[in-house]
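As they're listed, the protein sequences go chains C and R. Counting from 90, one number per residue, gives the positions in the first sequence under this note's numbering. Counting from 90, one number per residue, gives the positions in the second sequence under this note's numbering. Worksheet: the structure to be examined is printed underneath.
Number of protein chains: 2
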Amino acid sequence: MTDTVVVSADAARRAAVAILVARGVPAADAEVVARNLVAADLRGIDTHGLFCLPEYANAVADGRINANPEISVSRSLPWALRIDGDNGLGPLVAERAMDAVLEAVESHGIAVAAVRRSNHYGAAAVYIERAAHAGCIALASANAIAMVAPTGAKARFFGTNPIAAVVPAGKYPPFTLDMATSDGALRKVRKALAEGRPIPLGWATDKDGVPTTDPAAAIDGMLLPFGGAKGSGLAYLMDIFTGVLNGGLISADVRNNFTNHDRPSGNGHFFLAFKVEAFLDPAEFAERMESQIARLHALPTLPGVAQVRYPGERVAQVSAERMAGGIPYPKRIVDDLVSLGGGAELGLGSI
Amino acid sequence: MTDTVVVSADAARRAAVAILVARGVPAADAEVVARNLVAADLRGIDTHGLFCLPEYANAVADGRINANPEISVSRSLPWALRIDGDNGLGPLVAERAMDAVLEAVESHGIAVAAVRRSNHYGAAAVYIERAAHAGCIALASANAIAMVAPTGAKARFFGTNPIAAVVPAGKYPPFTLDMATSDGALRKVRKALAEGRPIPLGWATDKDGVPTTDPAAAIDGMLLPFGGAKGSGLAYLMDIFTGVLNGGLISADVRNNFTNHDRPSGNGHFFLAFKVEAFLDPAEFAERMESQIARLHALPTLPGVAQVRYPGERVAQVSAERMAGGIPYPKRIVDDLVSLGGGAELGLGSI
């Protein structure tokens, strides 16, 4: 397996900030991007953290992503936010969108944001976890370059269009769902390709629609929706939320941050949040969540399973461990960060 | 295969009304229940239409479902509806909930309803299709008796908790998703049992967690979530929406309309709708939906697939065919309707 280098979350964040600032990103904005990417690494979503930074940094350096976007928020109704990301870094646009959502939620109890002209933003759950801490149930999605074949098609049409959701859970870490609507995430396929490993059967087909375990053939071919036609339907719904409703681009027209030399990528995002207290006293809601989780924990398990977990439970454990003990980055990612100029912050100097 | 009897939608509806009215349901309410169940049959969702009526009618006759509920709607915020179904028939409670949602949406652009103390309501999409015709994107779910094992568990904990969604699609019939978060719906397992057919492998396990194709063993055992851990996570999220948020019962505590002789079943529902025009001019939205669908239709297909369809497309075709040519009911369902006293309305007299 790949060698790893353990880096503290703080050092990782500082390195990411230095790399982005050196390419013209204002320090405060770089801090937002770095924090959100490292938050994904802390959770163990290694494909959506600093793994993405070289791509982001190069796109900023090349002017393909706007280092100084004017992100605008307009609204026709107090809860309905239309946000134009001005081709800014995805994590920055997503954070600003959630700022606006949470502000609207404080006044109106509910808000929906349809975001266009953004870029790839990493892990969806990172942005909405703030909403859980503000007493909200929240949903998020994002589109991405078309890699997923709708059921019945021999062509890419949907992005890996995640569904993310958070729910405050009282004394427990928030219930947190964050799933690609494809069976495997594109970045997991890329990681397998980089590491020379096969991908599980069922994730993808080659360009002729034949199932494959070869990550290179998958990248030339198509990913499959998770759960067959049901997952395909959910991927379509997320494509509407993130590409039709916002007046932006659907996945079929979104470009790749790696290769979008002709025009901005045009990713879209969707966020929805509402206050639990609109329905129940938050203390009662917390008690009800805790009771449901306690009953889940007490269920008899299949062989090899110590305890049934709720979505977000493992991620919270990993996050606490990595916050205390550092993040084990693959050496390849650390090498990339050093070569981009983050070596001093990592305590590793230059290559 | 089962013999079928073709019945017009009008006759089917009149038979259902007669059966419910004879058991004490007010005529206007019986009309609502009959219309929504027959709407499921029109769409080809045969397991969620009049297939359910004998169960509903017997529960009303036994007093296990309230024939004259006082359905109450309260709100802490203009968009947040807390609805108590007073143990009324599920389709009636769901229709009244959507009445309240659509009224709130006309004033505020968005509404969410958390419904408790209801009963099984048939097919979720039927209730929210009205929202699509009112220019809304809408979501719905419902809980149900625990039949589904969370990933890792050897026990039932979630209902088949559907996810339903509608989106207006311009000149096309609405985009309509309506999927159980279990791999197979419980009523499909019951139908297979009634017809002496096996169920597909992957739908269920026996009570020891061993995969089975025997519908009887499945009903004694557990259904599986669709798409593995991802579907399990979605089932959990729907359980929160339909059983925690509403102050009612989670699936683990919901009873079966067939067997709930000790207390009301206590099913919960969830509805969310918002106006498309809060984000885009409806004509522009329609054009964007039409363009996306036209592009989907033009995708190259896998062998044996004539054209890629969007969710709701087949249902709309079936509905038009059955509206024109009648609904092909299995003879067993027609026999049940006749024995319950609907023979005259079906033109079949009594048995």
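Note that beta-carbon positions come from the ideal geometry of N, C-alpha and C, so glycine has one too.
- Straight-line measurement puts the Cα of residue 252 (chain C) at about 12 Å from the Cα of residue 315 (chain C).
- Around the beta-carbon of residue 381 (chain C), 16 or more other beta-carbon atoms lie within 10 Å, marking it buried.
- Measuring C-alpha to C-alpha distances from residue 366 (chain R) to each of R:220, R:409 and R:245 identifies R:220 as the nearest.
- With a cutoff of 8 Å on beta-carbon distance, residue 415 (chain C) and residue 201 (chain C) are scored as not near each other.
- If you check the CB distance, residue 312 (chain R) and residue 273 (chain R) come in under 8 Å.
- With contacts defined by Cβ atoms closer than 8 Å, residue 435 (chain C) and residue 104 (chain C) form a contacting pair.
- In terms of CA proximity to residue 343 (chain C), C:232 leads the group C:317, C:232 and C:303.
- Cα atoms of residue 331 (chain R) and residue 185 (chain R): separation of roughly 16 Å, rounded to the nearest angstrom.
- Residues of the stretch 168 to 182 of chain C with a C-beta less than 8 Å from any C-beta of chain R: 168, 169 and 171, listed in chain order.
- Unbroken alpha helix (DSSP H) stretches of 4 residues or longer found wholly inside the stretch 257 to 287 of chain R: 275 to 284, given in chain order.
- The Cβ atoms of residue 121 (chain R) and residue 181 (chain R) sit closer than 8 Å to each other.
- Counting only runs of 3+ residues, the beta strand (DSSP E) found wholly inside the stretch 195 to 242 of chain C occupies 199 to 207 and 225 to 231, in chain order.
- C-alpha of residue 275 (chain R) to C-alpha of residue 249 (chain R): approximately 7 Å in a straight line.
- If you check the CB distance, residue 199 (chain R) and residue 363 (chain R) come in under 8 Å.
- Cβ-Cβ distances below 6 Å link residue 304 (chain C) to 278, 281, 282 and 288 in the same chain, with the five nearest sequence neighbours on each side left out; the list follows chain order.
- Residues of the stretch 341 to 356 of chain C with a C-beta atom less than 8 Å from some C-beta of chain R are 341, listed in chain order.
- Rounded to whole angstroms, residue 292 (chain C) and residue 101 (chain C) show a C-alpha spacing of 31 Å.
- If you draw a straight line from the Cα of residue 424 (chain C) to the Cα of residue 410 (chain C), it is about 23 Å long.
- Within the stretch 342 to 404 of chain R, the complete beta strand (DSSP E) segments of 3 residues or longer fall at 356 to 364, listed in chain order.
- In summary, residue 236 (chain R) is buried, with 16 or more beta-carbon neighbours lying within 10 Å of its beta-carbon over all protein chains present.
- When only Cα atoms are considered, residue 188 (chain R) and residue 336 (chain R) end up about 21 Å apart.
- Rounded to whole angstroms, the Cβ separation of residue 133 (chain C) and residue 404 (chain C) is 6 Å, and the two are in contact under 8 Å.
- The beta carbons of residue 391 (chain C) and residue 322 (chain R) sit no closer together than 8 Å.
- When R:147, R:99 and R:144 are compared, the shortest CA-CA separation from residue 124 (chain R) is found for R:99.
- Residue-level contact check: residue 320 (chain C) touches chain R, since one or more beta carbons of chain R fall below 8 Å from its beta carbon.
- Restricting attention to alpha helix (DSSP H) runs no shorter than 4 residues, the stretch 294 to 340 of chain R encloses them at 304 to 309 and 318 to 328, ordered along the chain.
- The beta carbon of residue 244 (chain R) lies closer than 8 Å to those of 238 and 311 in the same chain, with the five residues before and after it left out.
- Residue 377 (chain R) reaches chain C at 333, counting residues in chain order whose Cβ is nearer than 7 Å.
- If you check the CB distance, residue 156 (chain C) and residue 430 (chain C) do not come in under 8 Å.
- Residue state for residue 249 (chain C) is assigned as coil, using DSSP reduced to three classes.
- Contact annotation: in the stretch 271 to 301 of chain R, residues whose CB is within less than 7 Å of a CB in chain C are 298.
- When R:160, R:353, R:295 and R:329 are compared, the shortest CA-CA separation from residue 154 (chain R) is found for R:353.
- For residue 243 (chain C), at least one C-beta of chain R is nearer than 8 Å to its own C-beta.
- Residue pairing by DSSP puts residue 161 (chain C) in a beta bridge opposite C:173.
- Annotation: residue 167 (chain C) is outside any alpha helix (DSSP H) and is labelled neither H nor E by DSSP.
- The C-beta distance from residue 345 (chain C) to residue 422 (chain C) rounds to 19 Å, too long to fall under 8 Å, and the pair is not in contact.
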